[in-house]
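J.:
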Amino acid sequence: MSVLDQIQSLFEKIGYVAEGIRRKLGYFLLIGLAASIYTASVVYSAESFMWWNVIKCLIVMLPSLVLLCIWIILGQVMQAPEVASNLLDDRDEILQGFTELEVSNVTSLTGAYGALKTLRQQEGLEDVMEAISGVGILINPLFALLAVLSFIGLLTLLFWAPILMVVL
């Protein structure tokens with residue numbers, strides 16, 4: 002198997018993992034958006050200043066908005082095999098300085114995360130990684146931490162929204 006075939010296979014596996022994660026995140030996000038919207042409507046107060054209402058509602062909606070951003074970026078990553086095949090067609094300079102990647106490790110979120118991080122560091126693959134614009138955001142450790150915190154925040158909203166519906 003040539004190096005270009007390995008790169009293509011790697012992008013196909015990353016696209017497959019991104020598709021699965023995006024599908025699961027979509028279901029969770031749909032329910033989370035409903036809970037966030039309901040909670041934002043509860044914290045909204047007609048007597049408060051408009052800027053204060055906007056701040057309160059944005060704080061409540063922030064976890065959903067971050068996860069929505071991740072959902073959109075995963076849609077871009079799903080298209081990675083097509084983008085990679087178009088950009089890799091006549092790229093001989095990619096073979097220069099290319100280190101071996103473990104294609105078999107890309108079966109989960111952590112494997113795909115590590116492979117994307119490694120691919121971004123390879124010389125010659127900058128064009129491919131720039132074409133998939135959201136990858137830089139996804140592999141940023143601070144954004145990954147924000148995504149985990151948003152996931153926990155949205156789980157909290159999913160827990161509190163039914164309680165607020167019963168109480169209020």
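Residue numbering for the sequence shown is 2 to 169, as defined by our numbering. Where a beta carbon is used, it is the ideal one built from N, C-alpha and C, also for glycine.
Can you check which of these residues, Leu146, Gly115, Met62, is closest to Gly33 by C-alpha distance?
T.: Measuring from the Cα of Gly33, the nearest candidate turns out to be Met62.
J.: Are Val43 and Leu159 touching if we call contact CB-CB under 8 Å?
T.: No, they are not a contact pair.
J.: Going residue by residue through the region 5-80, where are the continuous beta strand (DSSP E) segments of at least 3 residues, counting only ones entirely within it?
T.: Fully enclosed beta strand (DSSP E) runs of 3 or longer: not present.
J.: Just to check, is the beta-carbon of Ser86 closer than 7 Å to a non-hydrogen atom of the ligand ZN?
T.: In the structure shown, the ligand ZN is absent, as is every other ligand, since no ligand is present at all.
J.: Got a sec? Which residues, its chain only, sit under 7 Å from Gly76 by beta carbon, not counting five neighbours each side?
T.: The residues are Arg23.
J.: Between which residues of its own chain and Ala145 is the CB-CB distance below 6 Å, once the five residues before and five after are set aside?
T.: For Ala145, where only same-chain residues beyond five positions count, there are no Cβ hits under 6 Å.
J.: Determine the closest residue to Gly16 out of Pro64, Ser86, Met51, Leu156, with distance taken between C-alpha atoms.
T.: Looking at the Cα atoms, Ser86 is the closest of the given residues.
J.: Can you give me the start and stop residues for the alpha helix (DSSP H) that Leu169 sits inside?
T.: No alpha helix (DSSP H) contains Leu169, which DSSP labels as neither H nor E.
J.: When you compare the CB positions of Pro82 and Glu20, do they come within less than 8 Å of one another, or not?
T.: No, the Cβ-Cβ distance between Pro82 and Glu20 is not below 8 Å.
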